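Undergrad: Protein sequence lines, in the order shown, are assigned to chains H and Z.
Read the first sequence against our numbering and you will find it ends at 314, with the numbers running on by one and no gaps.
Read the second sequence against our numbering and you will find it ends at 321, with the numbers running on by one and no gaps.
Have a look at the structure that comes next, please.
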Amino acid sequence: MTSIGLRQRERVARPAPARRRRRSGERSGYLFILPASAHLLLFALVPIGFSLYLSFHEWSTPSFVHAPFVGLDNYRTLLHDGPFWSAMKNTAYYTVLSVPLGMAVSLAMALVVNQKLRGTRLFRAIFFMPVITSWVAVSVIWITLLSPNAGLVNYFFKVLHLPAQHWLDNPHWAMLAIVVITIWKGAGFSMVIWLAGLQGVPQELLEAAAIDGAGRWRSFWHVTLPLLAPTTFFLVVTGVIGGFQVFTPMYVITQGGPFGATDVAVYHIYQRAFQEFSMGYASAQAWVLFAVIFLATLVQLWFVRRRGESLLV
Amino acid sequence: MGRRDALVRFIRQAPAYAILIVVAAGMLIPFLWMITTSLQPTGATFSYPPQLLPTSFHLHNYAELFTLVPFGRYFLNSAIVTGATVIGQVFFCSTAAYGFARLSFAGRKVIFVLFLATMMIPFQVTMIPTFLLVFKMGWVNTYQGLIIPGVSSAFGIFLLRQAFLTIPREYQDAARIDGAREWTVFSRIFLPLVKPALATVAVFSFMGTWNDLLWPLLIARDEKMRTLELGLAYFNVSASAYQEPNWPLMMAASVVVLLPVVGVYLFSQRYFIAGISLSGVKG
C-alpha cells in the first residue's frame, strides 16, 4: 500500500527523472538476472523441450544425425516393455519400503536426541556422518561389510546363531540390503528435519496431556504426532520423489542385478540411453517416470487436503 | 540429597543413552571398519574373525593409490570441478537472487516462477538432452562440460532471495543517495549481510558436486578426466571382475574421498554458528 502511494507521489512530483531512473533500475534488474536466466534457458528450458522432441523421434546415436519422427511409437512400445515395468516395480518396492521405515527410524532418533541430555550435539554429529558421505563411498564400504565370507554383517549373524546370507547375490535379499543401507545413510538427515518440527510442538500441550493422565505413548500418539503432520507430509513427499530417482547404489553395488532384482527406473534409463544409445526411447521412459512421480505427489496432496477437510467437519 | 538426585536422573536417562549409544555404534562401525581395513596389508583382509580395530598400520595402501591408480589426478579433477562449481553457484545465484528480491522490472514474478517450476523437473528428464548439447558443443571430456551445467540452481536462487528479502530497505536507499552504483550496493552492502545464506549455498553445492556420480559418469569418458567419485566407482566395478577385490586399497580410496567432505562439514558448521552470532541472534 505505502509503496504504491509513494510511487504515485513520485510520478506527480518529478515525472521525467523518475521514469528515467526506473528505466535504468529495470536495466540493472535484467542485468542481474541475466547470467542465471541464460543458464536456465540453456541447461533447463532447452533440454526440457529437446527431451520432449527426442521422445517422439527414433534417435539412436549419441551424436546428431537425422532422426526420423515416429510419433507416439516410443510411448506405445513402452506400454508393453516388460523389463521397463519391472524396473518401475522395483523402484516402487524400494520407495515403499525405504521411505516409511526411514521415517520411523529417524523419528525415533529425533525423539531421543530432543530430550535434554548431555552430549546430544556429539550424537547429532555422529548421526550426520553417513549423510555427508557420498553414495559411492557408502556403497563401497557396504559391499565389503556384506561380503559373504569375510564381511562384518555375516560375522555378527554367526555370533547370534543366525544363518549367514549371500546378501548381494540373492535376488530376494539384494534390494532389502540396499533399503537398509539407504535408511542407514539417510536417517541423520531426516532426523534433523524431525527435530525442526519438534521445536514447534508447544511444551504446554504435552504438560496438559500429562495432567489429564496421558502416558508418554498416548501423548506422543495423540499430541506430538498430529502436530508433526506438516513435517511428516514434507518427508513423505520429498522421500517418494527421491526414492523414485535412486541410481548410485544400484550402479555401484549390484549393477541392477542379481537377475534384474535391483534394476530401478533411473538405472534402466541410463542403460538404455548410454549403453544402447536409444536416446529417443530412453527420453520417453524418463517422461513416464516423471509422470509417475508427479502423479504420486498429486495423490499425496489430494489425500492430505481431503483429510484436512474431514478434520474440519 | 544431591547425589540421590543425580542417581535418579541417571536411572531415568539410562534408556535414552542406551538407545543413543547403540545407534551411534551402528553409524560409526562401518567407518571404523573402513579405516581399519585401509590399514591392513593386502593379503590379511580375509582374516577371521573380522578385525574392527587396526592391528597394523600399513600406509602403503595409501601410497599405492597414487602409484597404481592416477588418484592424484582424480583428486585434482574433483578439486577443480567442485571449486569452480561452488564459485559459479555463489555468483550466478546471488546476482539473480538480488535482482529478484531487490530490483523491480517488468516480468520479474513470471521469470521467478519459471525458475521455481524447473525445480520440479527431475534430472533424468534433462540428462539425455543436456548430454547431447554438451556433446554438440564438444565439451565431453572437458572441465567446462563437467562444470558449466552445474554453476546455477533454482534452489540456490530461492534460498538467497529469501535472505535478501529480510534486509531492510533503508540499506539500499541510503547507498543509492550516496550515488553508489547498483553493483556496488550489491557487492559491498548486501552480499556481506547474507554471508550465512551464501555459506549454505556454497556448502550445499560443494557436497552435491563432490559427491556426484551420474553427471561425471556421462561426461568424463577419458580416464584423465575422472573425478574421485567416478574413479572410486570404476575401481569397484572393475575390481569385482578380478578374483579377489583389493579391499584395503578400496577402503583407502574411500578415506581419501571422505576426508575433504568431513573437513568442509566441520569447518562450515563452525561458520554457520559464527554467522548466526554475527547477525545478532545471540546478542
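Ideal Cβ positions, reconstructed from N, Cα and C, are used throughout, including at glycine.
Here the structure is a predicted model, which means the values were calculated and not measured.
Give a yes or no on whether the C-beta atoms belonging to L251 of chain Z and W185 of chain H are separated by under 8 Å.
TA: No, Cβ-Cβ distance for L251 of chain Z and W185 of chain H is not below 8 Å.
Undergrad: Are the C-beta atoms of G110 of chain Z and some chain H residue less than 8 Å apart?
TA: Taking Cβ atoms only, chain H never reaches closer than 8 Å to G110 of chain Z, which makes this a no.
Undergrad: Would you grab the beta carbon distance between T80 of chain Z and N274 of chain Z for me? Rounded to a whole angstrom, and I think it's under 8 Å.
TA: Not a contact, Cβ separation roughly 16 Å.
Undergrad: Is the region 238–254 of chain Z in contact with the region 186–195 of chain Z, if contact means three or more CB pairs nearer than 8 Å?
TA: Touching, yes, given that three or more Cβ pairs across the two stretches are closer than 8 Å.
Undergrad: Could you check whether the Cβ of I270 of chain H sits closer than 8 Å to any Cβ belonging to chain Z?
TA: Taking Cβ atoms only, chain Z reaches closer than 8 Å to I270 of chain H, which makes this a yes.
Undergrad: For the region 238–255 of chain H against the region 172–187 of chain H, are there 3 or more C-beta pairs whose distance is under 8 Å?
TA: With a cut-off of 8 Å, the region 172–187 of chain H and the region 238–255 of chain H count as touching, because enough Cβ pairs lie within range.
Undergrad: Compare the C-beta of E102 of chain Z against all C-beta atoms of chain H and say whether one is closer than 8 Å.
TA: False, the Cβ-Cβ gap to chain H never drops below 8 Å.
Undergrad: Quick check on this structure: which residue in H:P131, H:L108, H:T255, H:R125 has the alpha carbon closest to the alpha carbon of H173 of chain H?
TA: Per the Cα distances, H:T255.
Undergrad: Distance cutoff 8 Å, beta carbons only. Does V319 of chain Z sit that close to anything in chain H?
TA: Confidence in V319 of chain Z is poor, its pLDDT being 30 and thus under 50, which makes the residue's placement unreliable; the coordinate value appears in the next sentence. Not an interface residue.
Undergrad: Under 8 Å between C-beta atoms, does I311 of chain Z make it to chain H?
TA: Only weak support exists for where I311 of chain Z lies, its pLDDT of 44 falling under 50; the coordinates are left without a value.
Undergrad: Give the secondary structure of H162 of chain H by DSSP, where H, G and I count as helix, E and B as strand, and everything else as coil.
TA: In this structure, H162 of chain H counts as coil in the three-state DSSP scheme.
Undergrad: Out of H:A287, H:L161, H:Q301, H:A292, which one is the CA nearest neighbour of S52 of chain H?
TA: Taking only the C-alpha atoms, the option nearest S52 of chain H is H:A287.
Undergrad: What first and last residue would you give for the alpha helix (DSSP H) that runs through E208 of chain Z?
TA: 207–215 is the span of the alpha helix (DSSP H), which, as asked, contains E208 of chain Z.
Undergrad: Of all the CB atoms in chain H, is at least one closer than 8 Å to the CB of L184 of chain Z?
TA: No, because no Cβ of chain H sits closer than 8 Å to the Cβ of L184 of chain Z.
Undergrad: Taking buried to mean at least 16 other C-beta atoms within 10 Å of its own C-beta, is E208 of chain H buried or exposed?
TA: Classification for E208 of chain H: exposed.
Undergrad: When you compare the region 277–295 of chain H with the region 63–75 of chain H, are there three or more beta-carbon pairs, one atom per stretch, that lie closer than 8 Å?
TA: Contact between the region 277–295 of chain H and the region 63–75 of chain H is present, because at least three Cβ pairs lie under 8 Å.
Undergrad: P48 of chain H: buried (16+ other C-beta within 10 angstroms of its C-beta) or exposed?
TA: Buried is the call here.
Undergrad: Under 7 Å, CB to CB, which of the residues in the region 155–175 of chain H have a partner in chain Z?
TA: If the cut-off is 7 Å between Cβ atoms, the region 155–175 of chain H has Y156 near chain Z.
Undergrad: How would you call M192 of chain H, buried or exposed, if buried means at least 16 neighbouring beta carbons within 10 angstroms?
TA: Classification of M192 of chain H: buried, given that the 10 Å Cβ count is 16 or more.
Undergrad: Taking Cβ-Cβ distances below 9 Å as the criterion, which residues of the region 182–204 of chain H are in contact with chain Z?
TA: From the region 182–204 of chain H, only W185, A188, G189 have a Cβ closer than 9 Å to chain Z.
Undergrad: Comparing the C-beta of L45 of chain Z with each C-beta of chain H, is any distance below 8 Å?
TA: By this cut-off, L45 of chain Z is not an interface position.
Undergrad: What are the partner residues of F228 of chain Z, as DSSP defines its beta bridges?
TA: Answer is none; F228 of chain Z lacks a bridge partner.
Undergrad: Figure out for me which residue from H:V66, H:Y31, H:L112, H:P69 has the closest Cα to the Cα of P53 of chain Z.
TA: Checking every option, the nearest Cα to that of P53 of chain Z belongs to H:L112.
Undergrad: Residues in the region 111–139 of chain H with C-beta within 7 Å of chain Z's C-beta atoms, listed in sequence order?
TA: Hits within the stretch, in order: V113, Q116, L118, F124, I127, F128, M130, P131, I133, T134, S135, W136, V137, A138.
Undergrad: Counting only runs that start and end within the region 185–217 of chain H, where is the alpha helix (DSSP H) found for 4 or more residues in a row?
TA: As far as the region 185–217 of chain H is concerned, its whole alpha helix (DSSP H) runs of at least 4 residues are 204–212.
Undergrad: At 9 Å on the CB atoms, spell out the chain Z contacts of W143 of chain H, in chain order.
TA: The contacting residues are P68.
Undergrad: Find out if the Cβ-Cβ distance for the pair T120 of chain Z, T247 of chain Z is shorter than 8 Å.
TA: Yes. Within cutoff.
Undergrad: What does DSSP give as the partner residue(s) for H58 of chain H in the beta ladder?
TA: Paired residues: H:F70.
Undergrad: For the putative contact between V139 of chain H and V241 of chain H, defined by C-beta atoms under 8 Å, what is the C-beta separation to the nearest angstrom?
TA: Actually they are not in contact, since the Cβ atoms of V139 of chain H and V241 of chain H sit about 21 Å apart, beyond 8 Å.
Undergrad: I'd like to know if I257 of chain Z contacts chain H, where contact means its C-beta is closer than 8 Å to some C-beta of that chain.
TA: No, I257 of chain Z lies away from the interface with chain H (no Cβ there is under 8 Å from its Cβ).
Undergrad: Any contact between the region 56–70 of chain Z and the region 111–127 of chain H? By contact I mean 3 or more CB pairs, one from each, below 8 Å.
TA: Contact holds: three or more Cβ-Cβ distances are below 8 Å.
Undergrad: Using the beta-carbon count (16 or more within 10 Å), is T93 of chain Z buried or exposed?
TA: T93 of chain Z comes out exposed.
Undergrad: Around the C-beta of P88 of chain Z, are 16 or more other C-beta atoms found within 10 angstroms, so that it is buried, or is it exposed?
TA: Classification for P88 of chain Z: buried.
Undergrad: If the cut-off is 8 Å on Cβ atoms, which residues from the region 134–160 of chain Z count as contacting chain H, listed in chain order?
TA: Against chain H - using a Cβ distance shorter than 8 Å - the residues of the region 134–160 of chain Z are A134, Y136, G137, F138, L141, S142, F143, A144, R146, I149, L152, F153, T156, M158, I159, P160.
Undergrad: Please state if the CB of A271 of chain Z and the CB of F109 of chain Z are separated by a distance shorter than 8 Å.
TA: Contact flag unset, no.
Undergrad: Spell out a yes or no on whether the region 160–172 of chain Z and the region 291–304 of chain H are touching, meaning 3 or more CB-CB pairs, one atom from each, closer than 8 Å.
TA: Taking 8 Å as the limit for Cβ pairs, the verdict is that the region 291–304 of chain H does touch the region 160–172 of chain Z.
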